[in-house]
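Letter by letter, the sequence shown follows residues -22 to -1, 1 to 645 in mature numbering (1 follows the signal peptide of the UniProt record, and there is no 0). Each residue gets a CB set at the ideal place from its N, CA and C atoms; glycine is no exception. Structure record follows, encoded as structure tokens.
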Amino acid sequence: MVKWSTSIFLSLLFLCAVSITAKSIETPRDQREITEENSQNRVVSYEKTTISNRVDPPQPPTSSDPINYTQPDEGAHYVCNEKSAPGRENIYCKGKLLEAVMAKSLYSDSKTFVDRPIKQNKTGPSVYTDFLARFPEDIHEIDPIQLRTFVDENFDKEGQELNECFLDDWSPEPQGLIGIADTTLRKFAFELNKIWKELCRVVDEKVKDEPERYSLLYVPNRFIAPGGRFREFYYWDAYWIIRGLLASNMYETSKAMILNFKHIVDEIGFVPNGGRVYYLQRSQPPLFAAMVYEHYAATLDLALVKEVLPSIEKELAFWKNNRSAEVNIEGKSYDMLQYRTPSNVPRPESFREDVAIASQFHELSRKRQFWQDIASAAESGWDFSSRWFADSQNLSSIETTNIIPVDLNAFYCYNLNILGYLHGELGNITSELHWMQEYIEFRDKFRRVFYVPGSKGWYDYNLRTREHNLHFYPSMAVPLFTGCYDRLATRDANQLYDQMSDMGAFNFVGGIPTSLERTSNQQWDFPNGWSPLNHMVIEGLRKSGNPRMQRKAFDLAEKWVLSNYRVFVADRAMWEKYNVASGAPRGGGGGEYEVQAGFGWTNGVILDLLSTYGDRMHFDELLFNNPRSKDKSPTTFTVFSDDAYTSSKPSYQFLLSILSLICYKLF
Ligand SMILES: *[C@@H]1O[C@H](CO)[C@@H](O)[C@H](O)[C@H]1NC(C)=O
Ligand SMILES: *[C@@H]1O[C@H](CO)[C@@H](O)[C@H](O)[C@H]1NC(C)=O
Ligand SMILES: *[C@@H]1O[C@H](CO)[C@@H](O)[C@H](O)[C@H]1NC(C)=O
Ligand SMILES: *[C@@H]1O[C@H](CO)[C@@H](O)[C@H](O)[C@H]1NC(C)=O
Ligand SMILES: *[C@@H]1O[C@H](CO)[C@@H](O)[C@H](O)[C@H]1NC(C)=O
């Protein structure tokens, strides 16, 4: 009897001890898991981050940096100069101040310094002269604390020249999204629709009045920024942002962004990578015409088309005149396009990284070539990827300027077609015929240069090796997206699909990866999936006219929506890129900066896909069709509560609470 009660007592004591221990570690453990994610991915909800005006805390200065940050002038082609950025070229694009700030690692992100405006009543030249007078010593002898003081005395915080703005065409439940049949997906779309308000930016008028104090380029209208460190407008991002805005019926905002690009092209002759003076020597994939086309398709606004057509033609002339390269194949010569900026210096926004990697090269000419190839890869939007590497592994083997890329030429092809079409819509038959002829001629050249019959697809061509790069990259599907093949050549399109399938492009749980190259550790490689690339593959297959490929387009759209959704539930954020091969839903990694939240093109793509497929996509089917999610209890997906993290184990928690209560009463 005594024995029996003792054992019950001991068992109870044991259970209580276990339950109390479990309870006490439980909450912290959940939080720790999230914090671990935090340290990797800077996981914070979009409400909290968006575009912050915060200044990075100063990094502990590294006193004995072995890298020489002093840059020689010889043979340099800078990213801006006294003509393109008068008064500030020695602040934001070159010079000892920039070199010193980078050498002393004042900020964890190189971009922070070059985004800081010069203080009121100061000018670039006066700040620079002051700096030289106060720090005549060699850069490595400069005291980082004094340098930090100097910078704070002369510069405002980054981001303050961009204001948040009001979207008068925004509504909580836009017509285009109300039609989404599935309740959960419709709610998801409304949540994403809300993020537009967080990402709206307008350039402060003081930038227009005193441009010389800012690295920011003035544009007259509001725009949607990508998010995170990307505070200003970006070129190719805007295409997918506009697709999303159109899905949200925000035609005024979409028009405002198009008119910003017109303004920029009229001012400087092309669209730079982004809205800063340090982007003035490089562009990004040319999708301005495609934005206008999509806007026109949604609104039939012919007046806008008429207004911007000359600027589209002007931008195209830039690509043709400044980015063409001769390709000789089988005894014939073709003028094609390539990503090739003339700048051959460290990119100011990634200065430290660029100097550090180039320090392995001893000859200045080799460094110059490296920096040109790095900046040219940035122009491609794919910064960086094994696609540009001679050895497909190491950034130091980058050779972007030896490569004739499929996607750029397919975009150019699209531009010609769109120009012909839009002129036709305006009733200008002469111009329509002119551009249509250009389009057909270019399409023909395109096939001759890129199509490899034995490998059933279009592939990048390398001028050095005189060979095609036969590895998988989603860029191989861009001709389907832009229609850069004869509609009668259905065989080309069908075979490309088979080829991508054989290569394993469709085998990943979260979507289509950027490559199958696993060892480069670059952000435009495996295992990252990017919205624009997934979207172009989906749209390319959807436009194919082949039911089998259209079915695949739908499957891929489901996959992409579901993986974005799962990460949104887990992180309360939309990311710029995703890990498509990971079991746990998560944002992407790799590359030279942390994964960024926001995120303009990610939201745009999901909204576009939901508006395209909203009548037939069902959340239950998504879960069912997705093998990875079968084992997850559906309650995990009951979102839009504030407690998405902890809701998954309710019964276990309940049991623990009861036990703890009993123990508390007993002892
Ligand atoms: C750093 O490089 C510059 C320019 O090439 C050169 O003038 C300077 O002597 C170098 N400094 C050191 C410490 O090596
Ligand atoms: C700039 O100069 C004007 C006129 O001299 C003065 O009113 C203003 O306070 C100054 N601003 C700053 C930030 O020093
Ligand atoms: C394009 O090239 C021409 C001639 O080389 C040059 O004068 C012009 O500045 C370049 N345009 C841009 C926008 O870089
Ligand atoms: C990449 O660079 C590293 C270090 O420079 C070198 O050890 C490695 O062999 C290179 N990889 C390839 C594939 O060339
Ligand atoms: C057609 O477009 C071209 C080029 O934009 C222009 O020069 C021409 O005047 C236009 N013709 C008509 C009839 O509008």
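Taking Cys143 as the reference, which of Thr231, Asp121, Thr161 and Tyr196 has the closest Cα? Residue numbering aside, residue 143 sits at position 165 when the sequence shown is read from its first letter. If we check each option's Cα against that of Cys143, Thr231 comes out closest.
8 Å Cβ shell around Leu519 - same chain, five flanking residues per side excluded: Walking along the sequence shown from the start, residue 519 turns up at place 541. The beta carbon of Leu519 sits closer than 8 Å to the beta carbons of Ala455, Leu458, Tyr475, Met527, Gln528, Lys530, Ala531 and Leu534 from its chain, once the five residues preceding and following it are set aside; these are given in chain order.
State the DSSP-derived secondary structure class of Met80, mapped to helix, strand or coil. The sequence position of residue 80 within the sequence shown is 102, counting from 1. Of the three classes helix, strand and coil, the one that applies to Met80 here is helix, per DSSP.
Relative to ligand 1, what is the chain-ordered list of residues with a Cβ closer than 7 Å to any of its non-hydrogen atoms? If you measure from each CB to the nearest heavy atom of ligand 1, the residues under 7 Å come out as Asn46, Thr48, Gln49, Pro50, Asp116 and His118.
Check: Ser289 C-beta below 7 Å from any heavy atom of ligand 5: On the sequence shown, residue 289 is found 311 positions in, with the first residue counted as 1. No, ligand 5 has no heavy atom inside 7 Å of this Cβ.
Ala303, enclosing alpha helix (DSSP H) - first and last residue: Within the sequence shown, the letter at position 325 stands for residue 303. Run containing Ala303: none in the alpha helix (DSSP H); it sits in the beta strand (DSSP E), Ser302 to Ile307.
Ends of the beta strand (DSSP E) at Met478? Your numbering for residue 478 matches position 500 in the sequence shown. In the DSSP assignment, Met478 falls outside any beta strand (DSSP E) and lies within the alpha helix (DSSP H) extending over Thr468 to Met481.
Note down the Cα distance separating Tyr312 from Val430, rounded to an integer number of angstroms. Taking the sequence shown and counting its residues from 1, the one referred to as residue 312 is at position 334. Taking the sequence shown and counting its residues from 1, the one referred to as residue 430 is at position 452. C-alpha separation (whole angstroms): 16 Å.
Arg32 to Arg94, Cα distance in whole Å? Numbered from 1 along the sequence shown, position 54 holds the residue referred to as residue 32. Numbered from 1 along the sequence shown, position 116 holds the residue referred to as residue 94. Residue confidence for Arg32 is low, a pLDDT of 31 falling below 50, so the modelled location carries little weight and cannot support an answer.
Any beta-carbon of chain C closer than 8 Å to the one on Ser479? This model lacks chain C altogether; it includes just one protein chain.
Under DSSP, the alpha helix (DSSP H) around Glu169 begins and ends at which residues? Stepping through the sequence shown from its first residue, residue 169 is reached at position 191. Glu169 -> alpha helix (DSSP H) spans Thr161 to Leu177.
Taking a contact to mean a Cβ-Cβ separation below 8 Å, would you say Ile219 touches Gly566 in this structure? Sequence index remark: in the sequence shown, residue 219 carries index 241 (1-based). Sequence index remark: in the sequence shown, residue 566 carries index 588 (1-based). In this structure, Ile219 lies away from Gly566, with their beta-carbon atoms at least 8 Å apart.
Look at Val502 and Trp349 and say whether their C-beta atoms are less than 8 Å apart. For the purposes of this step, residue 502 is taken as residue 524 along the sequence shown, with counting starting at 1. For the purposes of this step, residue 349 is taken as residue 371 along the sequence shown, with counting starting at 1. A small correction: the amino acid at residue 502 is Trp; Val does not occupy that position in the sequence shown. No.
So, are the CB atoms of Leu494 and Phe450 less than 8 Å apart? As a working note, residue 494 is residue 516 in the sequence shown. As a working note, residue 450 is residue 472 in the sequence shown. Yes, the pair counts as a contact, with Cβ atoms nearer than the cut-off.
By the DSSP assignment, the alpha helix (DSSP H) with Lys423 in it spans what residues? The count along the sequence shown starts at 1 and reaches residue 423 at position 445. It spans Ile407 to Phe428 - the alpha helix (DSSP H) in which Lys423 sits, taken as one unbroken run.
Is it true that the CB of Ala295 sits closer than 8 Å to the CB of Thr319? Counting from 1 along the sequence shown, the entry for residue 319 is found at position 341. Counting from 1 along the sequence shown, the entry for residue 295 is found at position 317. At the C-beta level, Thr319 and Ala295 stay beyond 8 Å of one another.
Runs of alpha helix (DSSP H) lying entirely within the stretch 303 to 370, each at least 4 residues, in chain order: Note on the stretch 303 to 370: whole alpha helix (DSSP H) runs with a minimum of 4 residues are 329 to 336 and 342 to 358, in chain order.
Can we count Ser409 as close to ligand 5, meaning its CB is less than 7 Å from some heavy atom? Numbered from its first residue, the sequence shown carries residue 409 at position 431. Yes, the beta carbon of Ser409 sits closer than 7 Å to at least one heavy atom of ligand 5.
For the stretch 232 to 241 against the stretch 186 to 200, do three or more pairs of beta-carbon atoms, one drawn from each stretch, fall closer than 8 Å, so that the two count as touching? The stretch 232 to 241 and the stretch 186 to 200 touch, with no fewer than 3 CB-CB distances between them shorter than 8 Å.
By the 10 Å Cβ neighbour count, where 16 or more other Cβ atoms means buried, how is His513 classified, buried or exposed? Within the sequence shown, numbered from 1, the residue matching residue 513 stands at position 535. His513 is classed as buried because its beta carbon has at least 16 other beta carbons within 10 Å across all chains shown.
Using the DSSP secondary-structure output, state which residues sit across from Ile236 in a beta bridge. As a working mapping, residue 236 is identified with position 258 in the sequence shown. Its beta-bridge partners do not exist; DSSP assigns none.
Start and end residues, beta strand (DSSP E) containing Trp148: Locating residue 148 in the sequence shown gives position 170, where the first residue counts as 1. Per DSSP, Trp148 lies in no beta strand (DSSP E) segment and is marked neither H nor E.
Give the C-beta separation of Leu386 and Pro250 to the nearest angstrom, bearing in mind that I take them to be a contact with Cβ-Cβ under 8 Å. On the sequence shown, position 408 is the one that residue 386 refers to. On the sequence shown, position 272 is the one that residue 250 refers to. About 16 Å; that fails the 8 Å criterion.
Do Leu75 and Tyr106 have their beta-carbon atoms positioned less than 8 Å apart in this structure? The sequence position of residue 106 within the sequence shown is 128, counting from 1. The sequence position of residue 75 within the sequence shown is 97, counting from 1. In contact: Tyr106 and Leu75 (Cβ atoms closer than 8 Å).
Tell me Tyr213's beta-bridge partners as DSSP assigns them. Counting from 1 along the sequence shown, the entry for residue 213 is found at position 235. Beta-bridge annotation (DSSP): Tyr213 is not paired with any residue.
Using a threshold of 7 Å, is the CB atom of Asn306 nearer than that to any non-hydrogen atom of ligand 5? What you label residue 306 is simply residue 328 of the sequence shown in a count that begins at 1. No; taking the cut-off as 7 Å, the Cβ of Asn306 has no heavy atom of ligand 5 nearer than that.
Tell me the DSSP bridge mates of Tyr439? Start at 1 with the first residue of the sequence shown, and residue 439 comes out as number 461. Per DSSP, Ile382 and His446.
Which residues bound the beta strand (DSSP E) around Glu272? Counting from one through the sequence shown, the residue named residue 272 turns up at place 294. Segment Phe266 to Thr277 is the alpha helix (DSSP H) holding Glu272; no beta strand (DSSP E) there.
For the alpha helix (DSSP H) containing Glu517, name the first residue and the last one. In the sequence shown, the residue the question calls residue 517 occupies position 539. Its alpha helix (DSSP H) spans residues Ser509 to Arg520.
Based on DSSP bridge pairs, tell me the residues matched to Glu142. Start at 1 with the first residue of the sequence shown, and residue 142 comes out as number 164. For Glu142, the pairing in a beta bridge is given by DSSP as Arg179.
Going along the chain, which residues of its own chain have a beta-carbon closer than 7 Å to the beta-carbon of Lys100, five neighbours each way excluded? Position 122 of the sequence shown, counting from 1, holds the residue named residue 100. Only Asn132 meet the Cβ criterion.
Do you know offhand how far Arg594's Cα is from Pro491's? Locating residue 594 in the sequence shown gives position 616, where the first residue counts as 1. Locating residue 491 in the sequence shown gives position 513, where the first residue counts as 1. Spanning the alpha carbons of Arg594 and Pro491 requires a straight line of approximately 25 Å.
Can you name, in chain order, every residue of its own chain whose Cβ lies under 8 Å from the Cβ of His446, other than the five neighbours on each side? Position 468 of the sequence shown, counted from the start, is the residue given in the question as residue 446. So the list reads Phe428, Val430, Ser433, Tyr437, Asp438, Tyr439 and Asn440, once near-sequence residues are dropped.
Got a sec: does ligand 5 put a non-hydrogen atom nearer than 7 Å to the Cβ of Tyr68? Start at 1 with the first residue of the sequence shown, and residue 68 comes out as number 90. Correcting the residue identity first, residue 68 is Asn in this sequence and not Tyr. Checking the Cβ of Asn68 against ligand 5 gives no.
Could you give the residue range of the alpha helix (DSSP H) that holds Tyr70? Your numbering for residue 70 matches position 92 in the sequence shown. Counting along the chain, the unbroken alpha helix (DSSP H) around Tyr70 starts and ends at Glu67 to Tyr70.
Comparing alpha-carbon positions, which option in Thr90, Asp51 and Tyr556 lies nearest Lys72? Numbered from its first residue, the sequence shown carries residue 72 at position 94. Answer by Cα proximity: Asp51.
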